[in-house]
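Asks: To start, I am sharing the structure in question, which I have written as structure tokens.
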Amino acid sequence: MGRNIKTNFSYPRGNFPRLCLIGNSNVGKSSLTKLLLSHPKWYKGKVGKTAGSTVRLTIINDPKLNYHVIDLPGFGRMIKLSRSSEEFIQNQILKYLRLDRNNIFLTLLVIAVDRLQDELEKWYFKNENTIPLSIEFIQYFVKNEIPCLIILNKIDKLNKFQREDIKKTFFNVLSDFNIEIDNSKSKQSVLDVIECSTKTLQGIKEIKQNIKEISSHLQLENYDPRSELLNLPPINAKKKGKKGNQTTKSKNN
Numbered sequence: 001m002g003r004n005i006k007t008n009f010s011y012p013r014g015n016f017p018r019l020c021l022i023g024n025s026n027v028g029k030s031s032l033t034k035l036l037l038s039h040p041k042w043y044k045g046k047v048g049k050t051a052g053s054t055v056r057l058t059i060i061n062d063p064k065l066n067y068h069v070i071d072l073p074g075f076g077r078m079i080k081l082s083r084s085s086e087e088f089i090q091n092q093i094l095k096y097l098r099l100d101r102n103n104i105f106l107t108l109l110v111i112a113v114d115r116l117q118d119e120l121e122k123w124y125f126k127n128e129n130t131i132p133l134s135i136e137f138i139q140y141f142v143k144n145e146i147p148c149l150i151i152l153n154k155i156d157k158l159n160k161f162q163r164e165d166i167k168k169t170f171f172n173v174l175s176d177f178n179i180e181i182d183n184s185k186s187k188q189s190v191l192d193v194i195e196c197s198t199k200t201l202q203g204i205k206e207i208k209q210n211i212k213e214i215s216s217h218l219q220l221e222n223y224d225p226r227s228e229l230l231n232l233p234p235i236n237a238k239k240k241g242k243k244g245n246q247t248t249k250s251k252n253n
């Protein structure tokens, strides 16, 4: 039986560009996060081999990047936690995405490619009344106009023929749900599907190039200055009247 946890779910402060990594538990989000930073020392979270190693929202303020990197806890079964704790964390993730939607300039939906076939079989091919969680995430991002890169991680665990087979199946399912891959970088789109391995580093350079290109167009003058963020309330703080409202430059949305 998993344990119950009591944790204060941390939220970032103020308005600032954010890159978010999201996905099921134990798909390699934290390992990928470390590889996307200018130096691994900036990552203070935990990288584990079991589902549920990351149970808090990890906010990385890498001074060499013009955005925050947000490593979100995983969805799905967390071996170390009780069902109630899992539900609490997952509700907090959805709340965060809702509260910070206007600041999230890009999401990386990390999928463990070696588990993707099972997910599609169980929640789509064998049951037409359910939708795979990965597809639900993509639909959410498209609906809320949050650009998304789909990252198929752990490709080192499959051979060439297995990778091609699951990719074909995955693209067919995307088509069934009218989800298109649009490399034009339009606001309401899935930008690309990238295969990667945090173990062999395959695909990491391509992911970083995509992030660099997209983040280079951020208009930082429309956000709160980085130097003032710690003096601002977290984004989940209750709104106060004008007298108690601490705001600097806010992003106009």
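1 is the number of the first residue of the sequence shown in UniProt numbering; add one for each residue after it.
A virtual CB, placed ideally from N, CA and C, is assigned to each residue, including glycine.
As the structure is a prediction and not an experimental result, all values here were calculated from the model.
Confirm, please, whether the CB-CB distance from I214 to L191 is below 9 Å.
Replies: Contact: yes.
Asks: Note down, one range per segment and in chain order, each alpha helix (DSSP H) of at least 4 residues found wholly within the stretch 76-138.
Replies: DSSP runs (the alpha helix (DSSP H)) wholly in the stretch 76-138: 83-99, 113-120.
Asks: Can you tell me whether E119 is buried or exposed, with buried defined as 16 or more other CB within 10 angstroms of its CB?
Replies: Buried, by the Cβ-count rule.
Asks: Kindly indicate which three-state DSSP category D71 falls into: helix, strand or coil?
Replies: Correct three-state label for D71: strand.
Asks: For the putative contact between A112 and V193, defined by C-beta atoms under 8 Å, what is the C-beta separation to the nearest angstrom?
Replies: With a Cβ gap of about 14 Å, A112 and V193 do not count as contacting.
Asks: Given a threshold of 16 other Cβ atoms within 10 Å of its Cβ, counted over all protein chains shown, does K126 qualify as buried or as exposed?
Replies: Classification of K126: exposed, given that the 10 Å Cβ count is below 16.
Asks: In whole angstroms, what is the alpha-carbon distance linking F16 and N231?
Replies: Cα-Cα distance, rounded: 13 Å.
Asks: According to DSSP, is T169 helix, strand or coil?
Replies: T169 falls in the helix class under three-state DSSP.
Asks: Short check: CB of V110 to CB of L32, under 9 Å?
Replies: Closer than 9 Å, so yes.
Asks: Would P12 and I70 qualify as a contact pair, given that the criterion is a beta-carbon distance under 9 Å?
Replies: Yes; because the gap between Cβ atoms is below 9 Å, this pair is in contact.
Asks: Is it buried or exposed, L106, if we count other Cβ atoms within 10 angstroms and call 16 or more buried?
Replies: That one is buried.
Asks: With a CB to CB cut of under 7 Å and the five nearest residues on each side skipped, what residues in its chain are close to K154?
Replies: Excluding residues within five positions, the ones whose Cβ falls inside 7 Å are G28, A112, V113, D114, S197.
Asks: Am I right that R101 and I146 are in contact with their C-beta atoms under 8 Å? What's the rounded C-beta distance?
Replies: Contact holds; Cβ gap of about 7 Å.
Asks: From K238 to L97, what distance separates their C-alpha atoms?
Replies: Their backbone Cα atoms lie some 17 Å apart in a straight line.
Asks: Which residues in the same chain have their Cβ closer than 7 Å to the Cβ of D40, if we skip the five residues on either side of it in sequence?
Replies: Rather than Asp, the amino acid found at residue 40 in this sequence is Pro. Closer than 7 Å at the Cβ level, and outside the excluded window around P40, lie K34.
Asks: Would you report the Cα separation of F137 and L65, rounded to the nearest angstrom?
Replies: Straight-line Cα distance between these residues: approximately 26 Å.
Asks: At a cut-off of 8 Å, is D176 close to the ligand SAH when judged by its beta-carbon and the heavy atoms of the ligand?
Replies: The ligand SAH is absent from the structure shown, which contains no ligands of any kind.
Asks: I'd like to check one pair, K199 with R165: are the Cβ atoms closer than 9 Å?
Replies: The amino acid occupying residue 165 in the given sequence is Asp; Arg does not appear at that position. Against a cut-off of 9 Å, the Cβ pair of K199 and D165 comes out as no contact.
Asks: Under a Cβ-count criterion, where at least 16 other Cβ atoms within 10 Å of its own Cβ denotes burial, should E86 be classed as buried or exposed?
Replies: That one is buried.
Asks: Rounded to whole angstroms, what's the CA-CA distance from P234 to F9? Just pull it up for me.
Replies: The straight-line gap from Cα to Cα measures roughly 11 Å.
Asks: Do N144 and R18 count as a contact pair if the criterion is CB distance below 9 Å?
Replies: No, the pair does not count as a contact, with Cβ atoms beyond the cut-off.
Asks: To the nearest whole angstrom, what separates the beta carbons of V173 and I211, a pair I think is in contact under 8 Å?
Replies: No, V173 and I211 are not in contact; Cβ-Cβ is about 26 Å, not under 8 Å.
Asks: Suppose you measure from the CA of E180 to the CA of F171; what does that come to, to the nearest Å?
Replies: Roughly 9 Å between the two C-alpha positions.
Asks: Thinking C-alpha only, which one of L116, S227, N129 is nearest Q162?
Replies: That would be L116, whose Cα lies nearest to the Cα of Q162.
Asks: Distance check for L108 and F177, CA to CA, integer angstroms please.
Replies: So the alpha carbons of these two residues sit roughly 19 Å apart.
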